[in-house]
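Residue numbering for the sequence shown is -22 to -1, 1 to 174, as defined by mature numbering (1 follows the signal peptide of the UniProt record, and there is no 0).
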Amino acid sequence: MEPSALTVLLICFLLLTSSIHGEESNKNRFRDREATDDALGYPHLDEDALLNTQCPRNLELRWQTEVSSSVYASPLIADINSDGKLDIVVPSFVHYLEVLEGSDGDKMPGWPAFHQSTVHASPLLYDIDKDGQREIALATYNGEVLFFRVSGFMMTDKLEVPRRRVKKNWYVGLDLDPVDRSHPDVDDDQLYLGSF
């Protein structure tokens, strides 16, 4: 290509992209919003109009299953056994960590794994032993972070968060409403710097 033809193409490209990403891209929809007082309650919704709306996709239930107890945390969806299919790691509230096949909801072999605590947190993947294979990490109510191999085996490696003594009246002296809702800081220009 000649330099002049390349220059013309570049100018055309710049003109087209500036009209596409022009003035509208400079607007921030979050700055245009208006803060409201919480005491006003929720805005009025036309519930009759909502009844006539439809989900934009056709959804169908492919499978359902039961787990050992209630679930208080979001499951982890990941390819646990490296078979190219997503699996579902479910932290049931009491004593069990379960892994389900994502395609049909069946329990994976070796699961559920038993532990001695209750769980309020979602599991995550972390390679605790640095062998290149990520284990499932689970933070428990007792302050332990437990690790489980893909096979369902609970590892002896664990992290322990020491208990902290909390004063009975820890809240005494705190501002009842530390957030000034009448003047929201939507652009983060009122950052407080200092030592805490």
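Every residue gets a Cβ at the ideal spot worked out from N, C-alpha and C, and that includes glycine.
Residues near residue i by beta carbon distance below 8 Å, same chain, minus five either side
i      : result
Leu64  : Ile55, Ala56, Asp57, Gly80
Ser70  : Val45, Ser46, Ser47, Ser48, Val49, Glu76, Pro90, Val97
Asn59  : Asp65, Met86, Val128
Ile106 : Glu113, Ala115, Phe125, Met133, Asp135
Ser52  : Ser100
Cβ shell of residue i (< 7 Å), same chain only, five flanking positions each side left out
i           : result
Tyr104      : Arg112, Glu113, Ala115
Phe92       : His73, Tyr74
Arg40       : none
Tyr119      : Ser95, Thr96, Val97, His98
Ala117      : Ala99, Val123
residue 175 : Outside the shown range of the chain (-22 to 174) lies residue 175, about which nothing can therefore be said.
Beta bridge counterpart(s) of residue i as assigned by DSSP
i           : result
residue 184 : There is simply no residue 184 to check, as the chain begins at -22 and stops at 174 in what is shown.
Val123      : Ala117, Leu137
Lys85       : Leu78
Asp49       : Sequence inspection shows Val at residue 49; the Asp mentioned does not correspond to that position. Note: Val49 sits in a beta bridge opposite Ser70.
For residue i, the first and last residue of its enclosing beta strand (DSSP E)
i      : result
Tyr74  : 72 to 79
Gln94  : 91 to 96
Tyr104 : 102 to 104
Exposed unless 16 or more other CB atoms sit within 10 angstroms - verdict on residue i
i       : result
Thr134  : exposed
Val150  : exposed
Leu152  : exposed
Phe125  : buried
Val139  : exposed
Val67   : buried
Leu78   : buried
Gly(-1) : Because Gly(-1) sits at a pLDDT of 49, beneath the cut-off of 50, its placement in the model cannot be relied upon, and the following sentence gives the value as read from the coordinates. When all chains shown are included, Gly(-1) counts as exposed.
Same chain only: Cβ atoms within 6 Å of residue i, ignoring 5 sequence neighbours per side
i      : result
Gln42  : none
Glu122 : Lys136, Glu138
Gly88  : Ser129, Gly130
Contact with chain B by residue i, beta-carbon distance below 8 Å
i      : result
Tyr119 : In summary, chain B is missing from the structure at hand, where a single protein chain is found.
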